[in-house]
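>
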Amino acid sequence: LIIAALSDLEGFVARKTKQTSDFGAFYDPFCDKFFMIVVIFAVKLYFDFDFWKVFMLLFREFFVMIYMMSLVVMGVKNLTRVVKARIFGKVATTMQFISVFLLLVNSDLFDKSVMVTFVFCVLASLDYLLKLKKSFHTTK
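Going by this note's numbering, the letters in the sequence shown line up with residues 71 to 210, in that order.
(1) Mind checking which residues open and close the alpha helix (DSSP H) that includes V124?
(2) Under the three-state reduction of DSSP, which class applies to F171: helix, strand or coil?
(3) Is R85 helix, strand or coil by DSSP?
(4) According to the neighbour-count rule (16 or more other Cβ atoms, all chains shown, within 10 Å of its Cβ), is T187 buried or exposed?
(5) Could you check the C-alpha separation between K103 and M144 for me, to the nearest Å?
(6) Rounded to a whole number of angstroms, what is the C-alpha to C-alpha distance between L174 and W122?
(7) Near I107, what residues of its chain come up, given a Cβ to Cβ distance below 7 Å and the 5 sequence neighbours on each side ignored?
This is how it looks when you write it as structure tokens:
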């Protein structure tokens, strides 16, 4: 999990040195989503917790993957502008890591963290929908 959190450093460096690309704007978050899916399912295999919690933790991951693929299908140009990290997404990702950590340390706060994570996942997804709608209108 620490390595995954640190992997965002290369995106930060790319933005600061103005070395961004549409490929990186698409591929990096897509890989991040895939990684989170694998981690949550791996943790689910090791720990026994309800499947609805897996859904709540991964709702945004699947949503964002579909969102990103729809941008490509729509032919949206300048993905570096459209696929930017946004505050609700950052909080949702942070809450996902906190939830996994709380599960690993067997904390009673795990269930509550899953609920908070889901709220931010929904907010982030709605934010992405609004961004998608705006992107769709600008491509016409």
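Where is the CB? At the ideal position from N, CA and C, for every residue including glycine.
Model, not experiment: these values are computed from the prediction.
The relevant details are as follows:
(1) As a first step, residue 124 must be located in the sequence shown, where it is residue number 54. 121-144 is the extent of the alpha helix (DSSP H) around V124.
(2) In the sequence shown, residue 171 corresponds to position 101, counting from 1. In this structure, F171 counts as helix in the three-state DSSP scheme.
(3) The sequence position of residue 85 within the sequence shown is 15, counting from 1. Reduced to three states, the DSSP call for R85 is helix.
(4) Your numbering for residue 187 matches position 117 in the sequence shown. Buried, because 16 or more other Cβ atoms sit within 10 Å of the Cβ of T187.
(5) By 1-based counting over the sequence shown, the position of residue 103 is 33. By 1-based counting over the sequence shown, the position of residue 144 is 74. If you take the alpha carbons of K103 and M144, they lie about 21 Å apart.
(6) Position 104 of the sequence shown, counting from 1, holds the residue named residue 174. Position 52 of the sequence shown, counting from 1, holds the residue named residue 122. If I take the Cα positions, the gap works out to 18 Å.
(7) Within the sequence shown, numbered from 1, the residue matching residue 107 stands at position 37. So the qualifying residues of the chain are L128, E131.
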